[in-house]
Structure formats: structure tokens, C-alpha cells
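Engineer:
Protein chains: 4
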Amino acid sequence: MSSTYGESLKLSIFGQSHGPAIGMTLDGIPAGLPVDTEKLQTFLNRRAPGQNDWSTPRKEEDRPEFLGGILDGYTCGAPIAAVIYNKNTRSVDYANLKDCPRPGHADYTAQIKYGGFQDAAGGGHFSGRLTAPLCIAGGLCKQWLEEMGIRIGAHIYMIAGWEDNKFNPLQPELDAIDPVFPIINAQLGDEMKKRINKARAQGDSVGGMIECAIIGLPAGLGEPMFGGVESKIAQIVYGIPAVKGVEFGAGLTFAYDLGSEMNDAYTVEDGQITAASNSAGGILGGITTGMPVIFRAIFKPTPSISTPQQSVSLSRMEEQELIVKGRHDPCIVPRAVPVVEAAAAIAIYDLILSNTQTTRRK
Amino acid sequence: MSSTYGESLKLSIFGQSHGPAIGMTLDGIPAGLPVDTEKLQTFLNRRAPGQNDWSTPRKEEDRPEFLGGILDGYTCGAPIAAVIYNKNTRSVDYANLKDCPRPGHADYTAQIKYGGFQDAAGGGHFSGRLTAPLCIAGGLCKQWLEEMGIRIGAHIYMIAGWEDNKFNPLQPELDAIDPVFPIINAQLGDEMKKRINKARAQGDSVGGMIECAIIGLPAGLGEPMFGGVESKIAQIVYGIPAVKGVEFGAGLTFAYDLGSEMNDAYTVEDGQITAASNSAGGILGGITTGMPVIFRAIFKPTPSISTPQQSVSLSRMEEQELIVKGRHDPCIVPRAVPVVEAAAAIAIYDLILSNTQTTRRK
Amino acid sequence: MSSTYGESLKLSIFGQSHGPAIGMTLDGIPAGLPVDTEKLQTFLNRRAPGQNDWSTPRKEEDRPEFLGGILDGYTCGAPIAAVIYNKNTRSVDYANLKDCPRPGHADYTAQIKYGGFQDAAGGGHFSGRLTAPLCIAGGLCKQWLEEMGIRIGAHIYMIAGWEDNKFNPLQPELDAIDPVFPIINAQLGDEMKKRINKARAQGDSVGGMIECAIIGLPAGLGEPMFGGVESKIAQIVYGIPAVKGVEFGAGLTFAYDLGSEMNDAYTVEDGQITAASNSAGGILGGITTGMPVIFRAIFKPTPSISTPQQSVSLSRMEEQELIVKGRHDPCIVPRAVPVVEAAAAIAIYDLILSNTQTTRRK
Amino acid sequence: MSSTYGESLKLSIFGQSHGPAIGMTLDGIPAGLPVDTEKLQTFLNRRAPGQNDWSTPRKEEDRPEFLGGILDGYTCGAPIAAVIYNKNTRSVDYANLKDCPRPGHADYTAQIKYGGFQDAAGGGHFSGRLTAPLCIAGGLCKQWLEEMGIRIGAHIYMIAGWEDNKFNPLQPELDAIDPVFPIINAQLGDEMKKRINKARAQGDSVGGMIECAIIGLPAGLGEPMFGGVESKIAQIVYGIPAVKGVEFGAGLTFAYDLGSEMNDAYTVEDGQITAASNSAGGILGGITTGMPVIFRAIFKPTPSISTPQQSVSLSRMEEQELIVKGRHDPCIVPRAVPVVEAAAAIAIYDLILSNTQTTRRK
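Protein chains in written order, with the numbering used here: chain A, 1 to 362; chain B, 363 to 724; chain C, 725 to 1086; chain D, 1087 to 1448.
1) Going along chain A in order, which residues have a C-beta closer than 8 Å to the C-beta of L1077 (chain C)?
2) Which residues in the same chain have their Cβ closer than 6 Å to the Cβ of F1152 (chain D), if we skip the five residues on either side of it in sequence?
3) Can you tell me whether M1295 (chain D) is helix, strand or coil according to DSSP?
4) What is the DSSP secondary structure of S1088 (chain D), reduced to helix, strand or coil?
5) Classify L1101 (chain D) as helix, strand or coil using the three-state DSSP reduction.
6) Taking the DSSP output, what are the residues bridged to W379 (chain A)?
7) Run the CB neighbour count on M882 (chain C), radius 10 Å, all protein chains shown included, and call it buried at 16 or more, exposed below.
8) If I follow the unbroken beta strand (DSSP E) through V970 (chain C), where does it start and stop?
9) Looking at G466 (chain B) and G259 (chain A), is the spacing between their C-beta atoms short of 9 Å?
10) Residues of chain C with CB closer than 9 Å to the CB of C497 (chain B), please, in chain order.
11) Any beta carbon from chain C within less than 9 Å of Y436 (chain B)'s own beta carbon?
12) Short check: CB of G1214 (chain D) to CB of P1310 (chain D), under 9 Å?
13) Give the straight-line distance between the Cα atoms of P133 (chain A) and E341 (chain A), rounded to the nearest whole angstrom.
14) Check the Cβ-Cβ distances between R770 (chain C) and every residue of chain A, and say whether any is below 9 Å.
15) Return the chain-ordered list of same chain residues with a C-beta closer than 7 Å to the C-beta of L97 (chain A), the five sequence neighbours on each side being excluded.
16) For a test of the three-state rule: what should DSSP assign to T629 (chain B), helix, strand or coil?
17) Is the shortest distance between the beta-carbon of P1416 (chain D) and the beta-carbons of chain A less than 9 Å?
18) Buried or exposed for K1199 (chain D), please, with buried defined as at least 16 other CB atoms from any protein chain shown within 10 angstroms of its CB.
19) Between A393 (chain B) and T366 (chain B), how many whole angstroms is the CB-CB distance? I'm expecting something under 8 Å.
20) Going along the chain, which residues of the segment 255–266 of chain A sit with their C-beta nearer than 9 Å to a C-beta in chain B?
21) Would DSSP call V333 (chain A) helix, strand or coil?
22) With burial defined as no fewer than 16 other Cβ atoms inside 10 Å of the residue's Cβ, what is the status of E935 (chain C): buried or exposed?
23) M624 (chain B) by DSSP, collapsed to three states: which one?
24) So what does DSSP say about M24 (chain A), is it helix, strand or coil?
25) Within 10 Å of its beta-carbon, does T1388 (chain D) have 16 or more other beta-carbons around it, so buried, or fewer, so exposed?
26) Do Y1452 (chain D) and G885 (chain C) have their C-beta atoms within less than 9 Å of each other?
27) Run down chain C in chain order and give the residues with a C-beta less than 7 Å from the C-beta of P1310 (chain D).
28) Give the secondary structure of I1391 (chain D) by DSSP, where H, G and I count as helix, E and B as strand, and everything else as coil.
29) Do the CB positions of L912 (chain C) and S741 (chain C) come within less than 9 Å of each other?
30) Any idea if P810 (chain C) is buried or exposed, counting beta-carbon neighbours within 10 angstroms, 16 or more meaning buried?
31) Excluding the 5 residues flanking I1007 (chain C) on each side, which residues of the same chain have their C-beta closer than 8 Å to its C-beta?
32) What residue range does the beta strand (DSSP E) around G1239 (chain D) cover?
33) Measuring only between beta-carbons, confirm whether A1431 (chain D) sits less than 9 Å from chain B.
34) Whole-angstrom Cβ separation of S736 (chain C) and S374 (chain B), contact assumed at under 8 Å?
35) Does the beta carbon of E915 (chain C) sit closer than 9 Å to a beta carbon anywhere in chain D?
36) Taking all protein chains shown into account, decide if G1159 (chain D) is buried (16 or more other Cβ within 10 angstroms of its Cβ) or exposed.
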């Protein structure tokens, strides 16, 4: 519930965008897992702001300080706790946002829910900045999954209606993803950037989709009904601000095509059962098939735009024009790519820890 | 986890398609809530099979027997338990399915997960039949929400690519939905039925989408991050067999349009804050805005089709042609409409019981 | 929460004493575990009423009907569901108890909590009868633990101040426990029975203590802080009606003796680390030491006594003499012995399923 | 599970005794609750070490730094996070303890569970120092309960067999407790201190009992079976290091006396239902009666004693004499008094947030 996720692991995320710090605790992790902090930092840097011209110029180092759970480079069995102190805060005055909520933001719903006691500065606990601690937890899980031969990678699939290639569902091209602007087909990136820059120039913003693949998963992972892989992934991915849709495998195509086209025929290859296609996105009945797990998340355009918008004054209960100050990402999608990977890694690692499948054979 | 859902309420669903019974327990419900069993039966009948020519001819009464939790027409505070005995079982021989898994079904993943100990008959615990106890729980929650002025309704939005109208996101037309074939625009139903009947005639199947609206919700419901309304609804909706995608509000459109087009401007109307549009689907930051909550679920085509398919023999580890016997729904979407409503009702009622919003004002 | 217990397994207990049925669902159990229903019945019979002269004459067969989760003698991975229909009900009129609560019972607290909507007959969901489904779940867990070499046994340690021997904490004498009247030192049983019979003759009741031992546990089981073995066992044992105290190992003696007397010195025996004493009751820091886990539960005297008691009329808000009709156990302790074993078995089996200890060595 | 507690609130405790910091996150708390940090510090100081001659001379300020969840003196709805940096660490060399576990400590069980990867310094995550963050969470809950008219107080009931008065179960004397050495009957304190000092002089330690009372609770709080007040309190109190027993109300006396003596007769007083006695300790059927809730916790003697003890070398697998260096509390009981209050406050506040009782009357 709330800012806590997980069955076997317990992730708890805390902090507000302009409060003293943000951070996370991650409980239930086995001892003896190696932690590569340099590799983690490289992962976190993919999400960090201010690195290029399509993201917000707010600069935060996002360098986690570990307060517990790690000793001499290995997990020690105690809860892992990490904190990132906020340094570059309060540069913009947010006082008026508390009275005049930004359309598309949580300003208004937080006001109603918390009765004015919420930390409104920079979106408070609802800020996209809270994805940094999510990436700490996810970056660690990703490392531990890699040790088990499980790889996770995501790419921008769409920005403002312009599509990258989809993953090959049988063999997702994780190694083909551009490390700077994460798409598969590099030729398509210029048009995407153009759309982002055009939106920025207009004081507007654009959304898009991110596609994520998990390869190397064993068959048989996941639990029936509400504990299925789709349920677990969707629950955490919807915890990423701006996500408004999640689909698995063939996704929307399922609503168009015939069963005979969508059922993945089984085959035997090198003495192993596999499938000739992967419309299922690696999941049947909520349980992994052993094929790559593939899903896509829809991101809405950043609601913070600099063009004038119609809002209301909560104190005066009358309409008021709002001009959002400060500079914001015109498109959150590029920086959200590692966040989606992090969310997937946490969900999958929790499923592995919780797995109750039998080892006996009848 | 697994077949258990909820924070404040605890739903547990049990049973296998061809086992002795299916049922559910629902714990954590306040005492003194009225239970209208006749109304519940009417709701369950919308899901029941064998009622018309576009669903499976397997006939089950789906008449729940309450074993606890209800006394003299009111909840008594003890866990609610209900059971439906399976009567019309074992008519088809499922022995061969255990060796030769149906493409698109959980047969293979269950075999791997449970090592051959699973109840394979009729899909066992993975059967769509398990949505009957989900509808018992959801039908009850729906009644209690109605007592609070909260209404839930769903309709077929798409079958095989053919679309019904979308809900008006400001005023979803719950009362316009056809009670027999649940669509908004009755004129579009014939084409949908035609596509279903054509698929049946070909021994094939089709999928689609269901759109659901929840109206009358207060603003401020839901918790931040992983406890948001989207996370809670998605988790349970993905527990419905065949669901492969869930989107909220404008959904896929978010990936195409500009922020200035998708942000819902606030207005003041009759002294109340409202919005001029509802792209957000009634949710910002995971918290309800007070506008209708709207979501859509993608359903894959029923995997059980009578045309020959390529599968494998697990014992012989070689490919084998499979012909699925028995008669099945060529399209599960019409019968799934109340199931989606039930899932939404359970998620929303749990959110209401768990709600921690302040009542003080600053 | 409520009538639900467990982390990796999810036990949900339902039913009221005089409702249609009582039962349980047990989710999260691996597939392929053998189920010996005859052995389970033998276990349940130890709890069943009406078998001898120191228990209530209400006769219930307590023969569970399994509705799901078991196939051909093995768990199938689906939730296990079992039900016992109530047959011998409503023989006593409970209407007046709703207005005039029995001292020492949950009658009054249920009235306040549920506002008069509770099922008051026979104590409803608060009845000791609800320990029957607890014994179904616990009896199954006990079988699965035995397969792993883990044995659980309990005995009456005290009745009305008269003590049986305590277990030898290094080698609890599970095989010495009398199967009919479960004590270790058979010579002490006559005095206990005398005290029970004297209480019955006086229309009164007596309480006592039950001591339970779990042997064969590996070292390293349990989680830190709130997930420790003591926390897990205490939580479920306090779920047994009438339990008012739980202590581990040397228990109360810890409050009297010196650290030098209570610390268990480590020794090496046959190349294995062990301890020369077991004051810790097999648990240090919430984690098992590999020595027998030993705990004791205090049971209060059955509150239902036939001597006149002072109560109140809730409708008239005035004092009223109450004479509880019907015949009741003058001492619940003998029948509670298998219930304590069941609770321990569920807690331990859940801990085993949840165990996150590392397998690597530094 | 593990270092996480709660249903509606989610407490997560992290840190190791000699790691960088200890701390906690507390999620699920309503917004708008006042936070008096000075009052909290006064509460924390009651637990802090080094304040008098019966506690360890390790000095830690235990001054929490809040990283989130509090704004301008009120909770803001976001998770509350607080951290205490460890300053006075590594003064003793703990390297040899990893090979030679202290009897009565978690050294050995942690070694087995975490395979040598644990943080052994100062007991790591198993240290009594982790009760400081428990007191941050509990101190806050205690404040919020006081706002509702609910008071919690505890006193030393026993040290080394020497007893203080028990609380009057009808009117616990919270205001009579000595603020420095927390007992009710001040005349009994000298003998207790004498026993502590004698143990210290001998290089030994003593245990005892703490009694806690909660007054002002409404009737009807708590959930049936495993969600009862006893289960909830016991689970968290057993999370305090050194606790080996918990009993409610008359406790052990229940195992001696007759039902007619232990049942609390109901009376009507000033138009209110109350009871003439409170053997039940304010709880019947797991639900509060409205009378004071009273419980006692047994604490074992501090295992760290300076007299030579027999242990083993884990690397050489042979017996070895151990002399524990450093100075330790000869009796943890006085400093544990606020810890017990904190644990009770968290359990009760969680029960209040989770409470599902009806408000309707039949």
C-alpha cells in the first residue's frame, strides 16, 4: 500500500522533492549478494536530470548514501537503506501552486486528500524525483538478476506518436539499444528529438511509450490470479508518475486479431519446449513461459508546461490563469526508461523470492 | 499474493473448474451492511454461461451458498464465505491436455510450475470459471458502493477491432448500456455479434476491450505511489484471465497528443471545483479527482479454438497436433463485462476502507 | 489481520459456531505435497468435543470436506479449501445472550464492535469451534513438517495450578505424552482431572497452561525484529480463544535469575555446534538456534459457567443476573493441546516458506 | 515481516549498531497530525544510554533528523522518515565475536542465517540500539493517541525477582510512576537498584518484567482471531530484543484460579456499562472492552556479561573461553520501559487506523 511495495521484499520509498532528502528502505533481501555501487551509479545517471538538452536543467547528483544493509560490498541481511540529500531545492517559489493547482498534476488531489498539510513544493512526494530511490532499489535488483542470468532492458517505443521498432518478441535486441538516446532503430531518433524540441519551443510537452523486455526468466514464475506477473509488474509500473497504461505481449493487437493468429504454437527445439511466436509476452495464466517477458507503458505528456493554462484559486474559489514557472522536461520519456527497468527488476526479483513452485515431478 | 487480494479487505478465491466447488472468503468487511442476494444473483447471471448463442453451452447455475458472514440480510462482521458447487463437470476428457498443452492457455505454465500435480481439468484454478467467486465478492462490494452513491458500469468497447462509442468521460452513460448485449450504441452491436459468430463458424475466436466507469467517487481517494487507484485497479483486473492490457482515461492518446491538449483545465461550477475535460480518467497522482474514473481492459481472443493447432507432447517431447474438444466461448468479452465491474468494485471498496486522508483543513 | 494469517502462506478462517458451516482457505502452498486425510482426521479427533467426561457433550464429527487444492492425495498448487458443516446447532437459545453478555466472553465486545449485527449464537465467529478449521490447516502443515523431519508436540503443563513435568528443553519427550490425556508424567493426571471434575461439580471452570515443543528445526530460521519466531508464534497462538499469555524457553525464570545462569554455553559435539542448556527455548534474536523451540501458553478458565453471574441488560441498561444454560467444557485445556500444535505448525511452516537466509558462505 | 510492522501503517526499521546510521520509515499516517519534536526528544531521552549508573556508558545523543513526512510541525501525508547517525562506534573490537559467538546473543544465529555476511559489530541489526528508531515511531504514535485521549504508561514491575506493585487494573496509576527510575512504589526501587548493582559488581546481569497500561481506549477495537489486540501487541513487543514472554490482564493467575473468580462481572455506572474487575486486561475475544489494556513483558538478563563464558570458535570448531569486552548494561529493563510504551503505541495506533467496526446500530 501507499509508498510500500512487495511480498517477500518490502520496498518503502520516502521523501519529498524539496524536502531534506529522498530515499528508500529495502527489506527481506538475502545476505551475501554483491553490490556494485559504481555500476549502480551508472544506472542512476541514466535517470539523472540536466544531462542533455531534452531534460530539465535542475541538476542533482543523485548519489545515494547507504545507511545500512551493505557491508564490504555485500548485502548483510539487514534492511538496505539509502538516502539522497536534496541540494538544489526551493529555487522556484511554489507557494502559489498550493492555491492554484497545476492541471494534470497531483497538486489538487493532494490538496483535497491532505487538507492543505501536504508538501506542495515541487510536487512533494508526488514528484518524479521520487523515481530516484525507485532506481536505487531497482538498480540493485537488476544486478542480482543479472547474476542469475536474467537481463532487463527498455527503450523508447514512441514519442508523440512517432514509433521506434518494437522488440523482436522472440529475441529482444537489448544490445542494440542506443545508450544515450535509448531507441533500437537509431535512424528514428532524430524525428523523436525534433518532436520534443518543438514541444519545448512552444512551451508545451509530449508523451510516449516505453517498451521493456526481461530475458532469461525461467518458466513457472508467478502466482495465480492476483499474484500473476502482469499484476505484479502493473502495480509497480503504475507507481511511476505519468504512467497511464500498461500492456503485455501483443497488447492492443489482441483486441483486433483472431485466436488462431494470437495463440503461440509450441515447438520442440534442441530438446527444449519453446514457442514459434510470443504474442503472450512470455506470460500465460500469470505465469512465465520461459520466453521473454515484454510489456509497454504509456506515459502522459509532462503536465508542467509554460503556456498559460486555466486553473482555479482554491482560496477564492474562482478561475485563475496559471503560468508555471521554472524549467521542466518537455518529455519525461527518455529519462523514464531506466525507471521502467527498475520497476520491472523489483517486481521480478520479488516474484523470484516469493516463488512457491514445486520441485518434485509427478 | 496468489489468489488473495486487498489491503483492508482480504479476498481469497479458491476452487478448480472441475473440482468439487469454487468459492471465496471476504474478510475485513464492516458489520451492518445490507446484502441483497436477489440483486446479487441478477448480477451473477450476467456472467453465467449458456444463456445465449455467443457463449459456451456449459450450463452452471452459479448460485452461491453463503457459509458465513451474513445474518438476517446484513453482514455480521465475521468473514463472508460463499461456495458454488460444480455440477456440470468432467463432460470432456481433459487427460490428454495434461500431456499436450493448449497454445495460449495456462496448461503449459501450470505444468512447469506445479510439476504435474496441478488440476488440469478445465484449466483447474486458471479457468475463467474462477471469475464467478470474483463476481460474488465484487457484486457485494458494488451493492455497498451504491449505498454510498458510487456507481460502476462497464460495456463492450471493442470486439475484433470493431468499436462501440467510448464513454463520455465527463458523464459516462451508464444507463444507456444495453442490458443483454452490453454496449452503449445499440446500432453497433450487430457488427460485433457478426464478428463473434463468424469466428465461431470458423472454429476460431476473437478478443476485444471493455471500458469501465466509476462515478460518484469523492476526490482524495487512493494512496501515493504503489497504492494509487491505477495500481490497485490494474492489479486486480490483471487477475481476470485473458486480460493483457489496462489503460486509464485518455489511455493511448496520451502517447500522441500535446500536454496542452491533455491537461484538464480546472473550472468552478456551482461553487464546486471541477474540470472542463477528463483525460486523466478521474485520477491524478494516483488519487481521485472527483471526476469519473474510467479505464479500459484489453482481452485476448479465447485460446480454446477448435481448429487444429500445433502443440507438443510433454511426455514424448515432440510436436503434436492438438484439436481442442468441447464447445467454448468464441469470445469471452460479453460475459467478462460484469467481471470487470466486480474487479473495479472490489478495488474501490478496498481503497475506501483503507483511506487515510485527513479530515482537518489547514 | 482479522481472521487471516501468514506471509508466504495465507490462511483465512471463516464461519460462525451456529452458522451453516466453518472452514478455511490456505493459499500459497507448494504443489506436490502429500495429504494423508486419515492422519488428519486422527489429529482433528483429538480436538473434537464429546469424547470423554471432561469435555462438552456437544457432538460434532468435524470431518472436513475439501473443496479445492488437493488432487489424488497431493496438493495441486491451487488454494486449499475445506469446510465443516455445522449439524448440531441451535439446541440452546442464545437470544438472551445478545442482550445479556456473558462475563469473560466476547459477547459484549462483539456487540459494541458490530453494533448488534454480530452472530451471537454460540459465540459466533469468536467461538472455540473456530479452532477446528485452524486444526485442519495446522494438521496439514504438521504433516508437511514431519516429511522434513520436524516434529511438533504439546502437553498439558498445568491445570488449576497443578503442574505436569516441563519438557526437558534439550530433548523434549514427545513420545512420552499420553495420547488420551496429554501429559508427560501420567501419575500427575489424576489430580488434574480431579480439579476439572470438582470445578464441573461446582458449576465452575478452571484454566491452565500448555507447553509445546518443536524439534528438528534447522538453525537460522526466522527474520529479524517483528518477523522473529517468537513474534510469529505469539501472533497465531493469541488467535486461539482463551489464550492470555505466551512465554518462550525459560520464560518467567528469566525475570528471576542471573545472566550467567541463563546464557546457554556453546559446545562442540560430534563436530556440530550445540549448547549445554536451552534456556533460550531454541531462539536467539528471533532466529532458531537448532535446539528445540519451546513455548508455553496460558489459558484462562472457560468463561461459560453455570453458577449465577452478574451481568447487564444492554437494552435496559441495568444489572441483571445471568445463568448460562447449556453444558460446557469445565476446562478447555485438554482439547486445546492439538490446537496449540496446529498454531505452531502453521507459524513454522510459514517461516520455512518465507525463509530468506543465504546459502553462500563467506 | 522482518523489520517491517503494521497493517494500515507500515513501519520499517533499518540500520546496524555500528553502521553509518539507524532509522525508520513510517508510512500510512494521515496528514495534519501535529508533531512535537521536543516532546519526542524527551521521550527518546528516557531510552538513551549513558544517563545514570545502571546503564551502559556508551553515549549517543539519539537525536533524530527527519528526512520526510513532516512539514511545519505537522504530518504532511508523505511517509515519515527519520535517521540517527551513529557517532560513538567501533570503540570495541568486534572481530573476534564473529568467530566466537556470545552465549545468549544473536551472534551465532545471525552467523548461520547470513553465512558470515552479517554485520557482527555490536550485534548489527540485532542490537538493542535498534529500539531507538522504534521509539521514534512509537513516540509519535503516543503523541497522536494522547490527542485522542488515549494514554500509555509503563513501569518496571520486576527486577531479579523483586516486585514493584502491579497496576490497579481498573485505574492504572500512570501519574504515580517515578520519572527517573520508573516504578510505582518508590520505596521498592532501592532494592531493585541494589540487585542491579550487585550483578554489575559480579560482572553479571539480571532481567525482569515491565508492565504497561493503555487507558482511554474505546470498546470495540481490534479484529477477530489473528487480528486481536493481544496478537498485535505481542507481535511487536516480541520484536524488542530480550523479550521472552508476554501476558495480558491477570496473566499467569488465569492458570491457577476459578472461572467464577476470573470472569469480570458487568455493572452499570453513570449510565455506562463497565466491569467490577479487569482480569481480562481490557480485552475479550481480542477486542477492547473499554477498560484499561494491561500487559506484562518478561525481559531476559542482558547476555553480555564480563565473566568468562564457554563458547566455541566457529572457524576451528572447538570450544573456547569468551570474555566479552566493553561495558554493558547489567540490566536492560529500566531503559526498556519507554520501548515497551513505544511498541504498544504503534500497535494501538495501527489498530485504530485499521478499525472496521460498524457505526450503525441494530
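Quick reminder that beta carbons are idealized off the backbone N, C-alpha and C, glycines included.
Structural biologist: So, to answer that:
1) Ordered by position in chain A, the residues that pass the 8 Å Cβ test against L1077 (chain C) are T356.
2) When the five nearest sequence neighbours on each side are left out, the beta carbons in the same chain lying within less than 6 Å of the beta carbon of F1152 (chain D) are those of A1168, in order along the chain.
3) DSSP places M1295 (chain D) in strand when its eight states are reduced to three.
4) Three-state result, S1088 (chain D): coil.
5) Going by the sequence as given, residue 1101 (chain D) is Gly instead of Leu. In this structure, G1101 (chain D) counts as strand in the three-state DSSP scheme.
6) The first residue shown for chain A is 1 and the last is 362, placing residue 379 (chain A) beyond what the model contains.
7) Buried: at least 16 other Cβ atoms inside 10 Å.
8) Unbroken beta strand (DSSP E) run through V970 (chain C): 967–972.
9) Contact flag set, yes.
10) Chain C residues near C497 (chain B): none, gap ~17 Å exceeds 9 Å.
11) Yes - at least one Cβ of chain C is within 9 Å of the one on Y436 (chain B).
12) In this structure, G1214 (chain D) lies away from P1310 (chain D), with their beta-carbon atoms at least 9 Å apart.
13) Distance between the alpha carbons of P133 (chain A) and E341 (chain A) is about 13 Å.
14) At a cut-off of 9 Å between C-beta atoms, R770 (chain C) does not count as an interface residue with respect to chain A.
15) So the qualifying residues of the chain are D107, A120.
16) T629 (chain B): strand per DSSP, three-state reduction.
17) Judged by the 9 Å Cβ criterion, P1416 (chain D) is not in contact with chain A.
18) By the 16-neighbour rule on beta-carbons within 10 angstroms, K1199 (chain D) is buried.
19) Incorrect: roughly 22 Å between the Cβ atoms, too far for contact.
20) Residues passing the 9 Å Cβ filter: A255, Y256, D257, L258, G259, S260, E261, M262, N263, D264, A265, Y266.
21) Looking at V333 (chain A) - three-state DSSP - the assignment turns out to be helix.
22) It is buried - the Cβ of E935 (chain C) has at least 16 other Cβ atoms within 10 Å.
23) Under the three-state reduction of DSSP output, M624 (chain B) falls in the helix class.
24) Reduced to three states, the DSSP call for M24 (chain A) is strand.
25) It counts as buried.
26) Chain D is shown from 1087 up to 1448; residue 1452 (chain D) falls before or after that span and cannot be answered.
27) Against chain C, the beta carbon of P1310 (chain D) has neighbours under 7 Å at S726, S727, H849, F850, listed in chain order.
28) Under the three-state reduction of DSSP output, I1391 (chain D) falls in the coil class, being neither helix nor strand.
29) In this structure, S741 (chain C) does not lie closer than 9 Å to L912 (chain C) by Cβ.
30) The sequence as given places Asn at residue 810 (chain C); Pro does not occur at that position. Buried, by the Cβ-count rule.
31) These residues qualify, in order along the chain: G946, G952, V953, E954, F972, G973, T1013, V1017.
32) Where G1239 (chain D) is concerned, the enclosing beta strand (DSSP E) starts and stops at 1237–1245.
33) No, A1431 (chain D) does not count as interfacial toward chain B.
34) About 5 Å separates the two Cβ atoms, so the contact holds.
35) It does not; no Cβ of chain D falls within 9 Å.
36) Exposed, by the Cβ-count rule.
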